[in-house]
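Novice: Numbering (the numbering used here), first residue to last: 28 to 373.
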Amino acid sequence: MNLINDLYLKAHRGEDIPRYPVWLMRQAGRILPEYRAVRAKLSGFKELVETPEFAAEVTIQPVDLLGVDAAILFSDILVVPDAMGLTYEMIEQRGPYFPKTIRSRAELSLLDRNPDVADRLSYVFEAIRLTKQGLEHRVPLIGFAGAPWTIFCYMVEGKGSKTFSESRKLLYTDPILAHELLSRITDFTIEYMKEQQGAGVDALQLFDSWAGILGREQYEIFGLSYIRKIAKAFEGFPFTVFSKGAIASLPEITEIPCTSIGLDWNMDMKSTRSLVGENKTLQGNLDPCLLYSDNKTIEFETNKLLNSFESRRHIVNLGHGVYPDIDPEKVKVLINTVKEYETKHF
Numbered sequence: 028m029n030l031i032n033d034l035y036l037k038a039h040r041g042e043d044i045p046r047y048p049v050w051l052m053r054q055a056g057r058i059l060p061e062y063r064a065v066r067a068k069l070s071g072f073k074e075l076v077e078t079p080e081f082a083a084e085v086t087i088q089p090v091d092l093l094g095v096d097a098a099i100l101f102s103d104i105l106v107v108p109d110a111m112g113l114t115y116e117m118i119e120q121r122g123p124y125f126p127k128t129i130r131s132r133a134e135l136s137l138l139d140r141n142p143d144v145a146d147r148l149s150y151v152f153e154a155i156r157l158t159k160q161g162l163e164h165r166v167p168l169i170g171f172a173g174a175p176w177t178i179f180c181y182m183v184e185g186k187g188s189k190t191f192s193e194s195r196k197l198l199y200t201d202p203i204l205a206h207e208l209l210s211r212i213t214d215f216t217i218e219y220m221k222e223q224q225g226a227g228v229d230a231l232q233l234f235d236s237w238a239g240i241l242g243r244e245q246y247e248i249f250g251l252s253y254i255r256k257i258a259k260a261f262e263g264f265p266f267t268v269f270s271k272g273a274i275a276s277l278p279e280i281t282e283i284p285c286t287s288i289g290l291d292w293n294m295d296m297k298s299t300r301s302l303v304g305e306n307k308t309l310q311g312n313l314d315p316c317l318l319y320s321d322n323k324t325i326e327f328e329t330n331k332l333l334n335s336f337e338s339r340r341h342i343v344n345l346g347h348g349v350y351p352d353i354d355p356e357k358v359k360v361l362i363n364t365v366k367e368y369e370t371k372h373f
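(1) Comparing alpha-carbon positions, which option in LEU333, VAL85, TRP292 lies nearest CYS316?
(2) Rounded to whole angstroms, what is the Cα-Cα separation between PHE327 and VAL360?
(3) Would you say HIS341 and ALA38 are within 8 Å of each other, going by their C-beta atoms?
(4) Tell me the residue span of the alpha helix (DSSP H) that contains VAL85.
(5) Have a look at LEU138, THR267, LEU290, ALA97 and flag the residue whose alpha-carbon is nearest the alpha-carbon of SER374.
(6) Taking LEU137 and GLY112 to be in contact with their CB atoms under 8 Å, please state how far apart those CB atoms are, rounded to whole angstroms.
(7) By how many angstroms is the C-alpha of ILE217 removed from the C-alpha of VAL228?
(8) According to DSSP, what are the bridge partners of MET98?
(9) Which whole runs of the alpha helix (DSSP H) in the region 169-203 are 4 residues long or more, in chain order?
(10) Have a look at LYS297 and LEU209 and give me their C-alpha separation to the nearest angstrom.
(11) Roughly how many angstroms lie between the CA atoms of GLU305 and LEU69, to the nearest whole one?
(12) Is it right to say MET28 is buried, meaning 16 or more other beta carbons lie within 10 angstroms of its own, or is it exposed?
(13) For ALA55, does the three-state DSSP call read helix, strand or coil?
(14) How is VAL349 classed by DSSP in three states: helix, strand or coil?
(15) DSSP three-state call for SER252: helix, strand or coil?
(16) According to DSSP, simplified to helix, strand and coil, what is ALA230?
(17) Shortest alpha-carbon distance to GLU282 belongs to which of GLY311, ARG339, LYS307?
(18) CA-CA distance, ALA260 and PHE191?
(19) What three-state label does DSSP hand MET117 in the structure shown?
(20) Apart from the five residues just before and just after ILE31, which ones in its own chain have a Cβ nearer than 7 Å to its Cβ?
(21) Return the bridge partner residues of PRO123 from the DSSP annotation.
(22) Of the choices ASP352, THR299, LYS366, whose alpha-carbon is the least far from that of GLY56?
(23) Regarding THR324 and the ligand NAD, is the C-beta to nearest heavy atom distance less than 7 Å?
(24) Alpha carbon to alpha carbon, how far is VAL343 from TYR47?
(25) Using only CA atoms, which one of PHE179, VAL144, TYR350 lies nearest to LEU135?
(26) Starting from GLY311, trace the beta strand (DSSP E) both ways and give me its first and last residue.
(27) Compare the beta carbon distance of THR299 and LEU313 with 8 Å and say whether it is the shorter of the two.
(28) Determine contact between the region 173-189 and the region 110-129, defined as no fewer than three beta-carbon pairs at a distance below 8 Å.
(29) Is it the case that the region 152-163 contacts the region 106-124, given that we only count it when at least three CB pairs across the two stretches are under 8 Å?
(30) With C-beta atoms as the reference, is SER287 less than 8 Å away from ILE280?
(31) Which class does ASP214 belong to by DSSP, given the choice of helix, strand or coil?
(32) On the CB-based measure, 16 or more other CB atoms within 10 Å of its CB, does GLU77 come out buried or exposed?
Okay, here's the thing in structure tokens:
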């Protein structure tokens, strides 16, 4: 059955659209009281991720409550290392923590050699199936994974970091080990995203949250080369690559065989469009902090972004995830501004 609202997918394909689609990274989360009510029933974030019926419920909430044009599966990028054998904990107010890390060849043995993706991440695929049922063909469902470099950083550091110095050190002290770990993450991620595809997602997005901590040459070797391998496995399928902070690497990023490129709020929309021409859709790139502003400023800045578009191959989004203390009413102002733009300009 066709989707009732397929603007997001049409934008990926470069087809005619009556208006630009809009959705937000981290739209399913703490900004919504309804999300907090579901979360309160469980022991924590990780249990929510691993409980399909609740993960599906919070995935659908932004569609019902905010009116976004796409749902993104409620999950976490760290389910990948967890399923590979390196378990993590989610600590309140501090974020993810890995009791064990991989910084040597001996520690590489902590990973399982041939983990069964379908079995170990069955809760993700069940959440996809339940979400698709609950969406009732209203909007597309986006599946996702973390890019190999970002997953590598967590597996080596064991937690978030301002510098990721242990991860970057390994690139110099043992590049062979680094490539071995990145290769394993890449192979697992391809299989994981294919299982998401099989479970029914309509599009995929790859998040490289820590792309910007590497220089252009290192990001090519330890980041983009692996992203290309993943993207090639999904050619022809709606696929977004979001490399946060990798401004110097934009010329290389625009050559990745994907349908859409996500831009953070420091990346320039017009210059990126001149690089890609009409070959790809661009997604982003409003500053998330704009949503702390008054309604008139939100409307003005959103319209300014919309007026800067030189192509209809655009998906409106923030340049990163919506912050947890944002007022949902401010999010609605952004979304409604995008939707109202159609009658004035299209």
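Don't be surprised by glycine CBs; every beta carbon is placed ideally from N, CA and C.
Specialist: Quick answer:
(1) Closest by alpha carbon: TRP292.
(2) Taken atom to atom, the span from the alpha-carbon of PHE327 to that of VAL360 is near 11 Å.
(3) Contact check for HIS341 against ALA38 passes: the beta carbons are separated by less than 8 Å.
(4) Bounds of the alpha helix (DSSP H) holding VAL85 are 79-92.
(5) Only positions 28 to 373 of the chain appear in the structure, and residue 374 is not among them; the question remains open.
(6) By a beta-carbon distance limit of 8 Å, LEU137 contacts GLY112. Their separation comes to about 6 Å.
(7) Rounded to whole angstroms, VAL228 to ILE217 spans 14 Å at the Cα level.
(8) Strictly speaking, residue 98 in this sequence is Ala, with Met absent from that position. In DSSP, ALA98 forms a bridge with LEU168.
(9) Annotation note: the region 169-203 contains the following uninterrupted alpha helix (DSSP H) runs of length 4 or greater, listed N- to C-terminal: 175-184, 192-200.
(10) Each residue's alpha carbon lies about 33 Å from the other.
(11) When rounded, the distance between both Cα atoms is 46 Å.
(12) With a threshold of 16 other beta carbon atoms within 10 Å, MET28 falls short and is exposed.
(13) Under the three-state reduction of DSSP, ALA55 is assigned to coil, being neither helix nor strand.
(14) In the structure shown, VAL349 sits in coil (DSSP, three-state: anything other than H, G, I, E or B).
(15) In this structure, SER252 counts as helix in the three-state DSSP scheme.
(16) In this structure, ALA230 counts as strand in the three-state DSSP scheme.
(17) Relative to GLU282, the option among GLY311, ARG339, LYS307 whose CA is nearest is LYS307.
(18) Each residue's Cα considered, the two are about 29 Å apart.
(19) Correct three-state label for MET117: strand.
(20) Contacts found: HIS164, ARG165.
(21) DSSP output for PRO123 lists MET117 as bridge partner(s).
(22) Checking every option, the nearest Cα to that of GLY56 belongs to ASP352.
(23) The ligand NAD is absent from the structure shown, which contains no ligands of any kind.
(24) Taking the straight line joining both Cα atoms gives about 7 Å.
(25) Relative to LEU135, the option among PHE179, VAL144, TYR350 whose CA is nearest is PHE179.
(26) For GLY311, the enclosing beta strand (DSSP E) covers residues 308-313.
(27) In this structure, LEU313 does not lie closer than 8 Å to THR299 by Cβ.
(28) They touch, by the three-pair rule.
(29) Flag = no, the region 106-124 and the region 152-163 do not touch.
(30) It is not a contact, given that the beta carbons lie outside the stated cut-off.
(31) The answer is helix: DSSP assigns ASP214 an H, G or I state.
(32) Buried is the call here.
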